[in-house]
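All the letters of the sequence shown, read from the start, carry residue numbers -15 to 280 under this note's numbering. Cβ atoms here follow ideal geometry from the backbone N, Cα and C, with glycine treated the same way. Presented below is the structure to which this report refers.
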Amino acid sequence: MDRYEAVVERVVATSKLVVLVGGLDAGKSRLSRAIAAAGIAAGRTIAYVDADLAQKSVGPPTCVGLRIPRSEEDLEPDRLRVPEAIYFVGAISPQGQLLPLVVGTARMLAHAREAGADLVIVDTNGLVSGVYGQLLKYHKIEMLQADTVVGLQRGEELDPLFGIVSRFFPSEVVALPVDPNLPVASVDERAGRREDALRRYFTEPLQRWRVKPTVFMPALPSMFEASALDRIVVGLSDGQGGYTGLGYLEYAPDEDVLRLISPAGEAPKALKLGSVRLDESFRVRRVDLRNLFGTD
Ligand SMILES: Nc1ncnc2c1ncn2[C@@H]1O[C@H](COP(=O)(O)OP(=O)(O)OP(=O)(O)O)[C@@H](O)[C@H]1O
Ligand SMILES: [Mg+2]
């Protein structure tokens, strides 16, 4: 039994909530799936919370996703990516999204507990170093009250984070080396995967709803040019604190109206504005809403 298998076995035997941390392409998602598979085989009810906004295992990019896999087949990429619940953050980079990322992960944990999960696996993004990386992981682990933190590291890159977790929390910290043979994707490859995931999500049949300017969070300033919101990603609110899906806005200059484009079946109660815009080939570009609104 190798070190990874030993960790998988120990987590399945003892843990209620495990968080996977590590740099880019460290094997976090693969190890998350391995823990889920072993947990299902051991008869546990597993929840897979995917808190990585960009390289997705569960749900569309820009969202935190939740899946309760009930069989090994459910861990196949095509099935695992269909979420039972999502939380819309509206960005692909965690930078500047600390609060919505932590709130979103907490909402998915609540859903997982309501669904009766007794082992929650939280997969995360590759931002682990620097002040922001540490803050993000610190507050996530704090909010989740993880009993186990598994870190996949190259060299000693996670030592500062491990030190913080061991000093501040009762969580067990498990360090694993990243397999040096692991393929590291280029920036373009990662962007390509993200675009593929968005293109797959926005596959026809798509609904097109006319949008009233009063349905947005944040609220639009008065006299705001609707055209400025063309192709911005939005979260479809169910009016009950949850999200039913992802969409993007389309400005129709001849009618001076905004339409919502989404595969979601039901018209939303409200729309949360994201901070990315999609181009025709689903490449994402960051948008600063404060600049757009001309406010602070
Ligand atoms: N133990 C392993 N043996 C062989 N290949 C692996 C192993 N773990 C991961 N891989 C491969 O390495 C790549 C990265 O793995 P994975 O997606 O799990 O990493 P990650 O840390 O989740 O990356 P990201 O930062 O994109 O979320 C994938 O192509 C995966 O199939
Ligand atoms: Mg991953």
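Point to revise | Boundaries (first-last residue) of the alpha helix (DSSP H) holding serine 13 | key: For serine 13, the enclosing alpha helix (DSSP H) starts and ends at 12 to 25.
Check your understanding: Would you call the CB atoms of leucine 1 and valine 104 closer than 7 Å?
Key -> In this structure, the beta-carbon distance from leucine 1 to valine 104 falls below 7 Å.
Check your understanding: How would you write the range of the beta strand (DSSP E) that valine 33 sits in, first residue to last?
Key -> Here the beta strand (DSSP E) through valine 33 covers 30 to 34.
Point to revise | glycine 11 to threonine 187 span [Cα, whole Å] | key: Straight-line Cα distance between these residues: approximately 29 Å.
Review point. What beta strand (DSSP E) runs, 3 residues minimum, are completely inside the region 38 to 75?
Key: List check, beta strand (DSSP E) in window: 47 to 51 and 69 to 72.
Check your understanding: Leaving out five residues before and five after leucine 64 in sequence, what residues of the same chain have Cβ atoms less than 8 Å from its Cβ?
Key -> Here the set comprises Arg17, Tyr32, Ser41, Val42, Arg51, Pro53 and Asp58.
Exercise for review: Provide the residue span of the alpha helix (DSSP H) that contains valine 86, from first to last.
Suggested key: Valine 86 -> alpha helix (DSSP H) spans 82 to 98.
Review point. For ligand 1, any of its heavy atoms closer than 6 Å to the Cβ of glycine 11?
Key: Under cutoff, so the answer is yes.
**Study point:** According to DSSP, residues forming a beta bridge with lysine 256
**Key:** Bridge partners of lysine 256: Met201 and Gly219.
Review point. Is it true that the CB of glycine 110 sits closer than 7 Å to the CB of glycine 7?
Key: Taking 7 Å as the Cβ cut-off, glycine 7 and glycine 110 qualify as a contacting pair.
**Study point:** For aspartate 272 and alanine 175, the rounded distance between their alpha carbons
**Key:** Roughly 20 Å between the two C-alpha positions.
Exercise for review: Go ahead and pull the three-state DSSP assignment for threonine 132.
Suggested key: In the three-state reduction of the DSSP assignment, threonine 132 falls in the strand class, which pools E and B.
Check your understanding: Is it the case that the CB of aspartate 180 approaches a heavy atom of ligand 2 more closely than 6 Å?
Key -> Every heavy atom of ligand 2 is 6 Å or more from the Cβ of aspartate 180, so no.
**Study point:** DSSP-derived helix/strand/coil call for arginine 138
**Key:** Assigned with DSSP and collapsed to three states, arginine 138 falls in coil, not helix or strand.
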